[in-house]
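In the order they appear, the protein sequences are chains E, L, X, A and Y. Taking numbering that gives the first Met the number 0, I'd label the letters of the first sequence as residues 0 to 359. Taking numbering that gives the first Met the number 0, I'd label the letters of the second sequence as residues 0 to 359. Taking numbering that gives the first Met the number 0, I'd label the letters of the third sequence as residues 0 to 359. Taking numbering that gives the first Met the number 0, I'd label the letters of the fourth sequence as residues 0 to 359. Taking numbering that gives the first Met the number 0, I'd label the letters of the fifth sequence as residues 0 to 359. From the three backbone atoms N, C-alpha and C, an ideal C-beta is built for every residue, glycine too.
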Amino acid sequence: MSLGPGQNGMRKRRSTKTGLPPGALVHIGEKKAEKVKINILGYDENQYEEKEARTIEECFPLKDKPTITWINIDGLHQVDIIEKIGKKIDLHPLILEDILNTEQRPKIEDFETCIYIVLKMLYYDEKTNEIDSEQVSIIFGHNFVISFQEKEVDVFNPLREIIRTHKGRIRKMGADYLAYSLIDTIVDGYFLILEKLGENIEDVEEIMMANPSPETLKDIHKLKRRMISLRKSVWPLREVVSALERSESSLIHDQTQIYLKDVYDHTIQVIDSVEINRDVLSGMLDVYLSSISNKMNEIMKVLTIIATIFIPLTFIVGVYGMNFEFMPELTWYWGYPAIWGVMLLIGISMLFYFRKRKWI
Amino acid sequence: MSLGPGQNGMRKRRSTKTGLPPGALVHIGEKKAEKVKINILGYDENQYEEKEARTIEECFPLKDKPTITWINIDGLHQVDIIEKIGKKIDLHPLILEDILNTEQRPKIEDFETCIYIVLKMLYYDEKTNEIDSEQVSIIFGHNFVISFQEKEVDVFNPLREIIRTHKGRIRKMGADYLAYSLIDTIVDGYFLILEKLGENIEDVEEIMMANPSPETLKDIHKLKRRMISLRKSVWPLREVVSALERSESSLIHDQTQIYLKDVYDHTIQVIDSVEINRDVLSGMLDVYLSSISNKMNEIMKVLTIIATIFIPLTFIVGVYGMNFEFMPELTWYWGYPAIWGVMLLIGISMLFYFRKRKWI
Amino acid sequence: MSLGPGQNGMRKRRSTKTGLPPGALVHIGEKKAEKVKINILGYDENQYEEKEARTIEECFPLKDKPTITWINIDGLHQVDIIEKIGKKIDLHPLILEDILNTEQRPKIEDFETCIYIVLKMLYYDEKTNEIDSEQVSIIFGHNFVISFQEKEVDVFNPLREIIRTHKGRIRKMGADYLAYSLIDTIVDGYFLILEKLGENIEDVEEIMMANPSPETLKDIHKLKRRMISLRKSVWPLREVVSALERSESSLIHDQTQIYLKDVYDHTIQVIDSVEINRDVLSGMLDVYLSSISNKMNEIMKVLTIIATIFIPLTFIVGVYGMNFEFMPELTWYWGYPAIWGVMLLIGISMLFYFRKRKWI
Amino acid sequence: MSLGPGQNGMRKRRSTKTGLPPGALVHIGEKKAEKVKINILGYDENQYEEKEARTIEECFPLKDKPTITWINIDGLHQVDIIEKIGKKIDLHPLILEDILNTEQRPKIEDFETCIYIVLKMLYYDEKTNEIDSEQVSIIFGHNFVISFQEKEVDVFNPLREIIRTHKGRIRKMGADYLAYSLIDTIVDGYFLILEKLGENIEDVEEIMMANPSPETLKDIHKLKRRMISLRKSVWPLREVVSALERSESSLIHDQTQIYLKDVYDHTIQVIDSVEINRDVLSGMLDVYLSSISNKMNEIMKVLTIIATIFIPLTFIVGVYGMNFEFMPELTWYWGYPAIWGVMLLIGISMLFYFRKRKWI
Amino acid sequence: MSLGPGQNGMRKRRSTKTGLPPGALVHIGEKKAEKVKINILGYDENQYEEKEARTIEECFPLKDKPTITWINIDGLHQVDIIEKIGKKIDLHPLILEDILNTEQRPKIEDFETCIYIVLKMLYYDEKTNEIDSEQVSIIFGHNFVISFQEKEVDVFNPLREIIRTHKGRIRKMGADYLAYSLIDTIVDGYFLILEKLGENIEDVEEIMMANPSPETLKDIHKLKRRMISLRKSVWPLREVVSALERSESSLIHDQTQIYLKDVYDHTIQVIDSVEINRDVLSGMLDVYLSSISNKMNEIMKVLTIIATIFIPLTFIVGVYGMNFEFMPELTWYWGYPAIWGVMLLIGISMLFYFRKRKWI
C-alpha cells in the first residue's frame, strides 16, 4: 500500500538530503509526471481568462493584475520553476524546500503577505485496490493562489468548470475563497476513500459472517493498516483546517470564515468515521477469532463423540478377539448377538449422555 | 442497521454533489415523506392559534406578530420551501444547504438574529429491532422557532398538547424556551433508545450465562456496533447543547439558562450510560469467549478420560489376540479372568488418578 | 445488582414523565419508606434542640432563628412536603424536580441564597451481597441545612450524636460545616464499599489461584460490573466536591475551605482505589484465562503421552493378531517374549523422548 | 505485598474513626516502632549541634534560634508529642490528624508560616522480596524543618553526615533546601525500588523465554500488581513536587527553585520508568500466553502425526485379523510381506505429506 | 538492547551517587572514549578558523572574540574540563552535574546568558542490530556554542564541512542557528533509526505472513520493546524542542524561529511514526496469534478426519476378529467382500459429510 509514506518516505528523504545544508532545494519523492505543466486562470466577476503557460515567467504579469490569478503547477521535478516563483512572491527558503519535499506532514504557515498550506490528496486506485497519495501545496495571497501537485490529475477540473461557467458564488469572492474551494475538493476526496474502505469493510464482514478463512484475517489486518495510515493523514489535516479557520490573517475575509468552518466540520466527520471504522475493525477481529475457535470447537466435538463412542466398543470387540483357551462366552450360542446388544446399549446411552450435556 | 449513516451516508452525499459548487441547494438523503407538511402554531400567554399551512407564504404574516410562532416542516424534498424561508429570515446559503443535507453532523451556528441547530432524532423500530435516525434542524430567533423534520412523526405532539392546554410554564416563556423544549424532547428519545439497548444487553447476557452459542457472539457484536453508532451521535449532541448553554447570545434569556443546563446534564447521563454499556459489552465478550473455551475444556476432558482409560486396555486385549504359537498365558485356566482383573485394576487406578488431579 | 441505576433507572423515569411538561413534580423511583419522617435539629455553640416534626410547617419557625437548623427528611413520596419547602426557601422548580427524581446524576447548583447538592449514598447489603444506593439531596443556606433521603437509615446518627454531645468543632461552625459533615459521612460510606469489594476481590483471587472454575469467571465479571457502576457514581461525586471546594459562594466560610479540600482528597483516594481495582480485575481475568488454558494443556499432555505410547504398541499387537497362514514370526519359540521386548523398548524410548522435550 | 495500602489501609482507617468527629487525633496504622525517638539538629554555616531529645519540649528553644533546626521524630504513636508540636507552631488540627493517619495520600498544604508535605517512603525488603512503605511528613518554615517517620530507619543518616561534615552547599542554604534534601532522598528511594523491580522483570523475562511455566504467569501478575501500586504512589508524588516547585510561597528562596525543578525531573523519570515497565509487563504477558499456546501446538502436532500414521495401519492389521472363512489374501504365500509393504508405503507417504505441509 | 537506559542507567547512577551531596561532580555512565578530545571552530561570514585544543584553556580567548565559537568536547570522564568551562561561563553547579550524568532525561534550562539543552543521540549498530544512545549536551550563548558528547563520533562532521565550505546560510547566522543545526542533526538521526526499525518490521511482517514461527513472536516482542524505548526518548525530545521554539529568550533571533518550528515539525513526524509503528506491531501480534491458531486448526482437522473415518472401521474389523463360535457372517462366502463394501460406504459417506460441513 502506498498510502503510508511513514517510514519509507522519511527514509528516502533523509538519505537524499544527508550532508546538505538546510534550505538546499532538492526534489524528494518519486518523479510522477513526465513534464511540468503550468496552468493559469485569471478571473473576476466579469472577466475570465485561461491559458497553458510554457514558462513560469508568463504567469507573473497576470499575477499583478487586479483579477484573481490561480496558477496550478503539475510536477515538482523542475526545481528552477519553484525557485523563480519563490523569488517572485518572496517566499522563505524553507517553504520552497517544503514544497519540493513530498513527504511533508500537512501543515500551515501564516506569513503576512501569503499563507502556505500543505495537504495530502488521496486517490483510490481501483486497479490495485490501493490508496495512493499525492502532496498538494497551496500558497495564496491577496489576489493569487498558487497550487502545486505532484502529477497531473483532474481533481480540480470540476472547480475550473465552475469558474468558467460562472456557477455558484466563486467568481464574486476573493483568493481566499478559491483556496477554500481547493481544500474542500481535497477533503471531499477523503470521503470517497472512506466510502471505498467502508465498502471493503462491509464485504469482509459479510465473508467473515458466512465463511471465515485465514484470508479474512489478512484482509482485516490490511484494512486496519489502511485505517492507521488514513488516520495519520487526517489528524494533521484537521489541525491545518482548524488553524486556518482560527487564523486572524487579513488575507481571509469574514464571509469566507463560515465556509472554512464548514470544511472544518467535514474533517471532523472524516475523523469520526475513521475512529468508528477502527472500532468496527477491532470488533471484527474479535468476532473472527471467536468464529475460528467456534469452528474448532465443532470439529473437536465430532471427534470426541466418534472417539468416545467407538473406543469402548473397540475395546469390547478386542476382548472377544483374545485367544484364551478358556473363555466361556465364546462358546455360548447367544454370545455374539448378546455382545451386539451390549454394544448398542453402550452406544445409545452415550448418545443420550451427550445430548443431555448439549454437545449434540 | 440504519443508525450508522457513517460511510453510507457520506457516500451518497458526495456522489450526488460532486461537481456542484458549494452552496447549491439539493436535498440529500432518502425521501422519507410523501408530501411536505407545514404546521404553524402561534401563542403567547393569552392567545393560541394553530393551523395547517398549504404554502410556506401563509406562515410569514404570523411570524411577524408579537406572539411566539412555531413553524414545523415535515419533509425536506421540496427545496423551494426551504429557499423561501431562507430568504424571509435571511439565512446564510450554507445553512440552507445543511438543512437539506440529512447526513449532517450535529452542530450549532450562532448568528446575531437567530441560532441554527442540527440534531439527530433516534427511534427504535420495534418491528425490525433496529434504530432509525432522522435529522431535525431547529432555527429560532427572537419570536419564532422553525423546525425541519425528514418525515412526519408525532414526537412533538405531546409538546403541542402542553402548549394547547396551557400546562407548565411554556406559554409564559419565549422562543428560546420552545427551542429548549424541542431539544429536551429529542434528548428524551435517546433515553428510550438506551432503555431498549439496555433490555437487549440484559437479554443477551442472560442467554450468554445460560447457554452461549455462536449466535450470542453475533448479538454481542451487533449491540457493540449499535453502541459505537449511538456514541457517534451522542458526543456531538453534547457539544451542541454545551455550546448552547454557554452561548452569550441575546436570544437566550437568563431564566432559560437553567433549563439548558438541565438538558446538558441529561446528555452527560446519556454519554455515561453509553460508555458503561460499552464497558459491559466488552466484559461480556470476554466472558463469552471464556465460556466457549470452558465448554471446549469439558469436552476435551471427557475425551481424555475415555481415551486414556481404554487405549491401554485395548492394547492389553490386543496382546492376547496375537496368534503366537507359544503364548503360555493363553492356556492358563485362570488367564481370562486374571486379565479382566488386571484391566479393572488399571481402569480404577486411572479414575483415582484423575480424581486426584481434580479432572473429574 | 441494584447499584447500577443506569439504564433501568432512566427507563423508569422517562416512561413515567413522558408527556408531562418539564417542571412537573412527580416522585420517580421506588417508594422505599412507608412514612415520610421529618427530623429537626437546632443548635449553636450554647443551645441544642431536637425534635420529630409531624408536618413540615413546624420546621419553619425554627429555620428563622439565628441558630443553625438541620431539617432531615426521610422519604420522598409526599410531594407536597417538598413543594412547601420549595416555596418557603424559594427554590427553582427544576431543583424540586431533581430532589424527587431519584435517578439524578450527582451535581451541584450554586444559587445566591443557597447551594443545592445531589449525591449518591451507597450501602453494602450483607444479606444479598449487593450494593444498594440511595439519593441524598442537601440544600444549605446561611443558617440552615435541609437534607432529603429516600428512606430512613441511620448513617447520619453518629453526626447527630456528635452535635448532641458537643464533641469536635461542629457546634462552633456554620451551616456550611454541617453540610461538609454530611458529605464527609457519605464519602466515608464509599470507603466501606471499597473495603467490601476489596475483600471480595481478595477472596476471588485466592480461589482463582488455588482452584479456578467457571464460577470464578462469573465472579470476576460481577465484580467488574460493580466496579464500573461504582466508578459511575464516583467521578461525578469528585466533580461535585471539587465545584464546592472551588466555589466562591459567600455561603462557604474560609475556615471550612480546608475541610472541603480534605473531603476532596478523599474522593481522589476513592477514585484511585476504583481505578486500581479495575486494573487488578483486568489482570485477574488474564490470569484466570491462562490458568484455564494451562489446565487444558496438562490434560492434553496426558492424552498425548498415553496415546502416543499405546497407539504404536496396539498396532504391533494388531500385526500379530493377523490370520495370515504364512507368518514365520508366529511359530518362533521366542516370538512372544521378543515382541514384548520390542514393545517395552518403544515405550521406554518414547518416555525418554518426552522427558527430553520436557513434556513430563 | 504490603505496598498497596489501598483498600486495606482505608478500611482500617475508617473502621477506627467511624463515629469520631473530624479532627480527633488518633494514630491510625501499625505501630512500627517501640519508642518514639526525637533527634534534633541545629546548624548554620559556622555552627553545628546535634542531640537526642527526651521530650519534645527540649526542642523548642533550639527552634527559636537563628540557626536552621531540623527535628526528626521516629514513631507516631505518642499522640501528645504531635499535639504539642502542633500548638507550638500553630498547625491546623486537620494537619495533625493527617500526620497521624498513615494512610494519607501524598499531598502538600501551603500555609503562610509553614509548608506541610506528606510523602511515601518506599523500601525493598530483601528477605520477603516485598515493597514496604512508610509515611513521611515534612513541615518546614522559615528556619526549621520537622520530619515525622513511622519507624526508625537510617535513610536520612547520609544527609546528617553531609551536614555534620560540612560537605556540599547545604550548610549555606536555608530550611527550604533542607526540606528539598529530604524529598530528594525519598525520591532516590524510588529509583532503588525501580532497580529491584527492573531486576525482577529481567529475571522473569529470562525464565519466560527459556522455560515458561504457570509460575511465570503468577510472577508476571505479581510484578504487574506491584507496578500498579507503585504507580499509585508516584503520580501523587509528582503532583506534590510540582506544586512545591510552582509554589509562590516566600518560604522557598529563588536559589532553591532549580533544585526543586531537578527533583521534579526525577519524579518524571520515575513515572516514565513505571509506565514503560507496565508496557513491558503487558508485552511479556502476551509473549507468555503465546509461548504456552506454541508448546501446546507442538504437543498436538506429535499426537496428530503418531495418530494419523498408526490409525490407518491399525485398521489394516485389524482387517487381516478378521476370522472370515473365505479371505483369499490370508492364504497367499506373499500376503504377509505384501501387507507390510503396503503399510510402509502408507506410513512413508504420510510422513512426506506432513513434511510438505511443514508440520515436521 | 542498550537503548533503554531506563532502569539500568538509573540504577548505576544512584548506586554511584548515594551518600554524596547534590551538586558533587562525578561522571556517571560508561567511559566510552579513551581520551577527551576538544575541537574548536570559530567563524563569521568572512573568517573561518578550526583547531584541535589540548587544554580547555586554549578555547577561552577564542570565545571572547566577536566571531561565533563552537567548542565540541568528546568524552566526559575528565571532570576538571567540565568544571573549568562551568567557571568560565558561570554555569549553575546542577547543570555541570547534569552534563556529567549520562542518564539524564532530555531537558532544557533557560538562563539569561545561555540556554542549556540535553538530548539523546541515537545510532543504529549494524553489527549487533541494536540501538545505541549517547547523551549530547548543548550550551549556547550570544556568540558561542559548547557541545558535549560521550564519545568521538562523526555525526557533526557534515555540519563542520558545511561551515568550512561556506555552504547554506549558516555562516551568516548567529550561535542560535548553529545550536539549531546541531539539534536538527540529532533529530535526523531519529529518522535513520525509524527507517531501520521500519525495515525490520517489514522483514518480520513478511516472515510472519509466509511462515510464522515462535521466533517471529520473539522478534515482534523485541521490536515492541525498542519502540517503547524509542518512545521514551522521543516524547521528552518533543518537549525540549517545543520549549525552545516557544522560548522568549533574547538569545534566539526572530529569523531562527522558523527553523525551530521546522525541527519541531520533524519531532512530531517522528512521534507519529513511533505511534503508528506501535499500532502496526500490535496488529502484527494479533495476526501472528491467529496464524498460529489457524495452523493448529488445520492440524486438528486432519487428525479429526483420519480418526473419525478409521475409528468406526477399526471397530468393524474388530467385530469380525472376535472368536465367538457362532458368528454366522464369518462363514458366508460373500462376507469378506461385503464387509469391505460396508466399510467403503461408511468411509465415503463420512468424506461427503465433511465436505458438506466445509471441513475439507
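V286 (chain A) and E204 (chain Y) have their C-alpha atoms spaced approximately 17 Å apart. Comparing alpha carbon positions, the residue from A:E57, A:Y42, A:Q46 and A:E48 closest to K36 (chain A) is A:E57.
G340 (chain Y) counts as exposed, since fewer than 16 other C-beta atoms from the protein chains shown sit within 10 angstroms of its C-beta.
Boundaries of the alpha helix (DSSP H) around Y179 (chain E): A174 to A209. Taking a contact to require three or more Cβ pairs closer than 8 Å, the stretch 169 to 185 of chain X and the stretch 89 to 104 of chain X do not qualify as touching. Closer than 7 Å at the C-beta level to chain A, one finds these residues of the stretch 315 to 329 of chain X: G317, V318, G320, M321, N322, F323, E324, F325 and M326. Looking at the DSSP output, D131 (chain X) bridges to X:Y122. Within the DSSP bridge table, the entry for E48 (chain X) names X:G41 as partners. Scanning its chain for C-beta atoms nearer than 6 Å, with the 5 sequence neighbours on each side dropped, one finds around I94 (chain A) the residues Y115, in chain order. Excluding its 5 nearest sequence neighbours in each direction, Y263 (chain A) has C-beta neighbours in its own chain below 7 Å: V240, S241 and E244, listed in chain order. Residues P105, V135 and I185 of the same chain have their beta carbon placed closer than 6 Å to that of L118 (chain E), with the five preceding and five following residues left out of the count.
N100 (chain A) carries a strand assignment under DSSP once its states are collapsed to helix, strand and coil.
Pairing G188 (chain Y) with V154 (chain Y) gives a Cβ-Cβ distance under 9 Å. What G334 (chain E) touches in chain Y, judged by beta-carbon distance under 8 Å, is F323, E324 and F325, going in chain order.
Straight through space, the alpha carbons of M295 (chain Y) and R356 (chain L) are spaced by roughly 26 Å. From the listed residues E:D124, E:L121 and E:I27, the smallest Cα separation to Q77 (chain E) is found for E:I27. The three-state reading of DSSP puts W358 (chain X) in coil, since its state is none of H, G, I, E or B.
About 19 Å separates the CB atoms of E108 (chain Y) and M120 (chain Y); that is not less than 8 Å, and the two are not in contact. Under the Cβ distance rule, P65 (chain E) does not count among the residues neighbouring chain L, no pair being separated by less than 9 Å. Between the stretch 81 to 90 of chain L and the stretch 154 to 163 of chain L there are fewer than three C-beta pairs closer than 8 Å, too few to call the two in contact.
I137 (chain X) has X:I116 and X:S146 as its beta-bridge partners, per DSSP.
Under the criterion of beta carbons closer than 8 Å, R159 (chain A) and E44 (chain A) do not qualify as touching, at roughly 17 Å. It is roughly 4 Å from the alpha-carbon of E149 (chain X) to the alpha-carbon of G74 (chain X). A Cβ of chain X is located within less than 9 Å of the beta carbon of G282 (chain L). Here the alpha carbon of P60 (chain Y) sits roughly 30 Å from the alpha carbon of Q256 (chain Y). One finds nothing in chain L with a Cβ atom closer than 9 Å to the Cβ of A242 (chain X); even the nearest lies about 13 Å away.
Under the Cβ criterion (8 Å, minimum of three pairs), the stretch 263 to 281 of chain Y does not count as touching the stretch 316 to 335 of chain Y. Closest by C-alpha distance to P211 (chain Y), out of A:W358, A:L40 and A:E33, is A:W358. Residue ranges of uninterrupted alpha helix (DSSP H) with 4 or more members, entirely inside the stretch 205 to 273 of chain L and ordered along the chain, are 213 to 245. Under the DSSP assignment, K87 (chain E) falls in the alpha helix (DSSP H) whose first and last residues are V78 to K87. Boundaries cannot be given for E111 (chain Y), as no alpha helix (DSSP H) includes it and DSSP labels it neither H nor E. Within 8 Å of the CB of W358 (chain Y), the CB atoms of chain E belong to I298, in sequence order along the chain. Interface with chain A (9 Å Cβ-Cβ cutoff): Y258 (chain X) is included. Selection Y:I304, Y:K34 and Y:H165 evaluated against E151 (chain Y) yields Y:K34 as nearest (Cα-Cα).
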